[in-house]
Amino acid sequence: MLDRAVTGSQKYWGWLIFLLILMGIGFACYLYQFKVGLKITGMSRDVSWGFYIGQLTYFVGVAAGGVMVVLPYYLHDYKAFGRITILGEFLAVASVVMCGLFVMVDLGNLPRMINIMIYPNPTSILFWDMIVLNVYMLLNIVIGWNVLSAERKGISYQKWVKVLIYISIPWAFSIHTVTAFLYAGIPGRHFWLTAIMAARFLSSAFASGPALLILLCLIVRKVSKFDPGKEQIRTLGGIVTYAFILNMFFLLLEVFTAFYSQIPGHMHSFIYLFWGLEGHGSVLAPWMWASVAFAVVALALLIVPATRRREDILAVGCAAVIASTWIDKGFGLVIGGFIPNPFERVFEYWPTVPEVLISVGVWATGFFILSVLYKIVVSVKEEVAA
Amino acid sequence: MGVDRRGFLKIAGISALLGLGGKTAIDFFAPGDLEASMDAVPLTEGKRWAMVIDMQKMDEEMMDKCIEACHSEHNVPDLGNPKDEVKWLFKEEYEHTFPGQKHDYIGDEVKHKNFLLLCNHCSNPPCCRVCPTKATWQRKDGVVMMDQHRCIGCRFCMAACPFGARSFNWGDPRKAPKELNPDFPTNLGYPTREKGVVEKCTFCAERIAKGQLPACVEAANEIKENVLTFGDLADPDSGVRAILRKHYTIRRKPELGTEPNIFYIV
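These protein sequences, in sequence, are chains A and B. Each residue of the first sequence is one higher than the last, beginning at 1211 in this note's numbering. Each residue of the second sequence is one higher than the last, beginning at 31 in this note's numbering.
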């Protein structure tokens, strides 16, 4: 099937070359960072994780979100999703690759990464995160590939694949739960020390993952002869709506606990993120308010059935969901946890140009893999239909 | 079995050919052996090392002397840039050292009075819990130790430490500005670090192994005795236990349950 990836239109090749250029720029910036050190980023003694780890967190969510097409099909026998489970699985693969790369570019000493295997520490959540993410990626590659090959040959896939599929469903929940535990078990970072963190992560994952999937389905329909289907997109729209309402509800629960209890540590990061703290303005405030604005737009467009059921408006709603969750989780959540610092002083963070270019390089790598995998899927689907 | 001279040279030779070096090579070819031979270095006899800092007797000059002694003992360079600063022993104002204790009516003198801060060598250290490679771990004598040569630079420990005691080498410490660090490395007997690893106070593990007091305590003692007191909490007859019996002392953020082992007389 791999041959399907190397035969394509000029547009397909142009897109891949465009991504390769971005990957090249990102890689060059990474070589510079590798040589000089992480001081080329905006991170500091006080905000010791930044954009990279925020993006890791966000894309674990997108990866987990793929299960929202797999679960209804395999557990509830919702037949319509059979057409697009493969798109969810391959989106998960590309997302996990991005997660891995974001961790790698964040490490101070990449060659020593092998130490996680040589001296594993079972009490470290990072160790478990590495395991669950890698296994999830493998599961999705193996499942996706086998199901697609079977479809191409017009036969049904082997029984053992089904076993893997059943494993992959709870596994999707595990990757984002473990990622939430990276934050939720740390004493002294009040913003993160909340039992609802994993639930928040999952709800935002099940909103942003399927939202991205809807946009991808619409693109696939436009650029190929394979139509993911009207019903499929409509059902996904419903899933995005419920998950996003839950996500906003969970966020408001946090706000209530912080501000009704009036415990300073619980309020500080929120106050910093939206208004600035102790005489310092906040560079993140415009972004955080934008996240709220996107959320309001998304809720309005998605909750009203008349707008949600129109695919063009649904697309706008999904884009708003992605923007809102991306700012909230990919940016505010990680950086907000570090501000104020353990001395209750405010040191701000803003990513530098090389830091952003390295991140663009990682995104480009993810989208390169996604494009190649989707190209194979689309070719097979077109072939089977013909 | 430990690594003898012959074995060491053999591993070193093969490693050099493969382009590996140092402890990594030994860990790779003879896992555990170097640790075993390191165990042979007599551990200090303490079971729970701790420090009491008497802030009533402490002054700015003394703090500066202690910091200088610590940072030159451990080759901590001055980077001339607060964003990338590495600090093992440092000063912070009262209201920021004990943020839970501040109120609107504290006199300015107390509010802005500097305290001497270092790793708390917690009995229940979250940093060791989160480290994915055991590059930071708690020794039997309570010292929260740091292996800068195993650390992968993930900075999970920095997120986990509620005391801001950990620093990361954002740049290469060996390339610290020459004009600020004319004689770096200040101590040829202590290793310098690569960029991209975390470091922190180790209670001068290398000195207590030789039966010496930590560098900061020694520096303080040269000015005035009993301002910094280092000793074993597990020993009821130790100096630290005597002071803790006699004086009212406080610790930073005890409510988090990390059990800090640095006590302040205020």
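Ideal placement from N, C-alpha and C gives every residue a C-beta, glycine not left out.
For residue 164(B), at least one C-beta of chain A is nearer than 9 Å to its own C-beta.
Between residue 1565(A) and chain B, the shortest Cβ-Cβ separation is not below 9 Å. Residues of the segment 171 to 193 of chain B whose Cβ lies closer than 8 Å to any Cβ of chain A, in chain order: 180, 181, 182, 183, 184, 185, 186, 188, 189, 190, 191, 192 and 193. Taking residue 1316(A) as reference, the option from 1211(A), 1260(A), 1497(A) and 1469(A) with the minimal CA-CA separation is 1260(A). In the DSSP annotation of this structure, residue 82(B) is not part of any alpha helix (DSSP H); the continuous beta strand (DSSP E) holding it starts and ends at 79 to 84. Judged by DSSP in its simplified three-state form, residue 88(B) adopts coil rather than helix or strand. Not flagged as an interface residue toward chain A: residue 208(B), since no C-beta distance is shorter than 9 Å. Shown here, residue 294(B) sits in a strand according to DSSP, grouped into three states. The CB of residue 1317(A) comes closer than 7 Å to the CB of 182, 183 and 184 in chain B, given here in chain order. For residue 129(B), the residues of chain A that pass the 8 Å Cβ criterion are 1553 and 1554, in the order they occur in the chain. The distance from the Cβ of residue 167(B) to that of residue 158(B) is about 5 Å, consistent with a contact at the 8 Å cut-off. By the 16-neighbour rule on beta-carbons within 10 angstroms, residue 209(B) is exposed. In the three-state DSSP reduction, residue 1464(A) falls in the helix class (H, G or I). Non-local beta-carbon contacts of residue 1409(A) in its own chain, meaning distances under 7 Å to residues more than five positions away in sequence, involve 1460 in chain order. Contact check for residue 156(B) and residue 1396(A): beta-carbon distance about 6 Å, within the 8 Å limit, so the pair qualifies. For a Cβ distance threshold of 9 Å, nothing in chain A lies close to residue 149(B): the least Cβ distance comes to about 12 Å. Where residue 146(B) is concerned, the enclosing beta strand (DSSP E) starts and stops at 144 to 147.
Counting only the Cα atoms, residue 1384(A) lies some 7 Å from residue 1342(A).
Under the three-state reduction of DSSP output, residue 1323(A) falls in the helix class.
Between the alpha carbons of residue 1304(A) and residue 1575(A) lies a gap of roughly 8 Å. If you draw a straight line from the Cα of residue 1490(A) to the Cα of residue 1556(A), it comes to about 7 Å. Ranked by how close their Cα comes to the Cα of residue 1231(A), the residues 1247(A), 1468(A) and 1567(A) have 1567(A) in first place. For residue 161(B), the nearest beta carbon of chain A is closer than 9 Å to its own beta carbon. Taking 9 Å as the cut-off, the Cβ atoms of residue 1364(A) and residue 1594(A) count as close. Counting the other CB atoms within 10 Å of its CB gives residue 229(B) a total of 16 or more, which places it among the buried residues. Comparing C-alpha distances from residue 1530(A) to each of 1444(A), 1227(A) and 1418(A) shows the shortest one belongs to 1418(A). Annotation: residue 83(B) to residue 120(B) spans about 13 Å, alpha carbon to alpha carbon.
Chain B has no Cβ within less than 9 Å of the Cβ of residue 1467(A). Residue 121(B) has 146(B) as its beta-bridge partners, per DSSP. The beta carbon of residue 107(B) sits no closer than 9 Å to any beta carbon of chain A. Legend: CB atoms of the segment 205 to 235 of chain B lying less than 7 Å from CB atoms of chain A belong to residues 224, 225, 226 and 227. The continuous beta strand (DSSP E) containing residue 259(B) extends over residues 258 to 262. A straight-line Cα-Cα distance of about 8 Å links residue 1307(A) and residue 1347(A). Between the C-alpha atoms of residue 1297(A) and residue 1444(A) there is a straight-line separation of about 16 Å. Taking a contact as a CB-CB distance under 8 Å, the pair residue 204(B) and residue 222(B) counts as one, their CB atoms being some 6 Å apart. The beta carbon of residue 1273(A) lies closer than 6 Å to those of 1302, 1305 and 1306 in the same chain, with the five residues before and after it left out.
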